[in-house]
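Undergrad: Numbering (the working numbering), first residue to last: 1142 to 1197.
All residues carry an ideal CB built from backbone N, CA and C; glycine is no exception.
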């Protein structure tokens, strides 16, 4: 893979990630760190366990 192609891929990934963050922030309010951790799990094909106080 050429350097240009890698750069394009990373730009597309960053744009997609930002769109996902924007949409998730509409539903999950005030939990930016949690959203970032969820996306990290999704992008790495891992697992996420959400634990928290109801209503937060």
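Whose C-beta lies closer than 8 Å to the C-beta of residue 1158 among residues of the same chain, with five residues either side of it excluded?
TA: Same-chain partners within the cutoff: 1180, 1184.
Undergrad: Taking the alpha helix (DSSP H) that residue 1148 falls in, what are its first and last residues?
TA: From DSSP, the alpha helix (DSSP H) with residue 1148 extends over 1144-1168.
Undergrad: Between the alpha carbons of residue 1170 and residue 1155, how many angstroms are there, rounded?
TA: Each residue's alpha carbon lies about 21 Å from the other.
Undergrad: Can you tell me where the alpha helix (DSSP H) with residue 1182 in it begins and where it stops?
TA: Note, residue 1182: alpha helix (DSSP H), 1173-1184.
Undergrad: Give every residue of the same chain whose Cβ lies closer than 8 Å to the Cβ of residue 1160, excluding the five residues on either side of it in the sequence, and list them in chain order.
TA: The answer is none, since no qualifying residue turns up.
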